[in-house]
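In this text, residue positions in the sequence shown follow full-length UniProt numbering: the first is 1, and each later residue adds one.
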Amino acid sequence: MGRPLIGLTTYAEDARFGANDTLSAVLPLSYVQAVHESGGRAVLITPDAPGADVLDGLDGVVFTGGSDVDPALYGEPPHPTTKFRPLRDTAEMLLLRAAVAADVPLLGICRGMQLMAVAYGGRLHQHLPDVLGHEGTARCRRPGRATAGPTRADRRGRGARRAGRAPETGAGRGSVTTRCACDRTPGRTRSSATR
């Protein structure tokens, strides 16, 4: 049996290639490296309204970080600091629903966790300084606080690493936060919901 194939969602961002600026599907290499270091093979999923066929052959999907989730998806107007990508939101919400229907294992990291929370009825804090009382991001590495059963990262003894700005106010039905950041903001959500 080969290495498990793990789909990684990509960012929809403007990028420069030579003299050309163009909307691109991009992803920090650290995501790919993490999948490879864990024994998997990374498969990049572009934000172009994927159908359920994208899931064929995948053993799991990681919904990666990036831009904010459109507040309209959870019934709120955008905060002035909120920056979202409608193309990516639409594509990933379709992919998420198809993955849940197909019972494909999911992992949400930062934005991915937010997307999963919204898909299951959760809401997001759009501007963390209003909630946490500090500006900017905190980079730290220390053992995280597990709030669910052990994850592979727990068994390997790695700590939680987090630099982010918008945790969910409620994880939504069927989702469990499994790590928290140094400032106690949730860092990762695992979905246990099916259909």
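Here a beta-carbon is modelled for each residue, glycine too, at the ideal position from N, C-alpha and C.
- Residue 61 sits in a strand when the DSSP states are folded into three classes.
- Taking every protein chain shown into account, the CB of residue 29 has fewer than 16 other CB atoms within 10 angstroms, so this residue is exposed.
- Our two residues, residue 60 and residue 104, have alpha carbons roughly 6 angstroms apart in a direct line.
- For residue 119, the three-state secondary structure derived from DSSP is helix.
- DSSP, reduced to helix, strand and coil, places residue 38 outside both helices and strands of the structure shown, so it counts as coil.
- With contacts defined as CB atoms closer than 7 angstroms, residue 74 and residue 118 qualify as a contacting pair.
- Counting only residues of its own chain and dropping the five nearest sequence neighbours on each side, residue 88 has a CB closer than 6 angstroms to the CB of 12, 47.
- Setting aside the 5 residues that flank it on each side, residue 112 is surrounded in the same chain by 63, 64, each with a C-beta closer than 6 angstroms to its C-beta; the list follows chain order.
- Per the coordinates, the alpha-carbon of residue 67 lies some 8 angstroms from the alpha-carbon of residue 82.
- By the C-beta density criterion, residue 35 is buried, having at least 16 other C-beta atoms within 10 angstroms.
- A distance below 7 angstroms separates the beta carbons of residue 55 and residue 99.
- In this structure, residue 79 lies away from residue 125, with their beta-carbon atoms at least 7 angstroms apart.
- The alpha-carbon of residue 40 is positioned some 17 angstroms away from that of residue 10.
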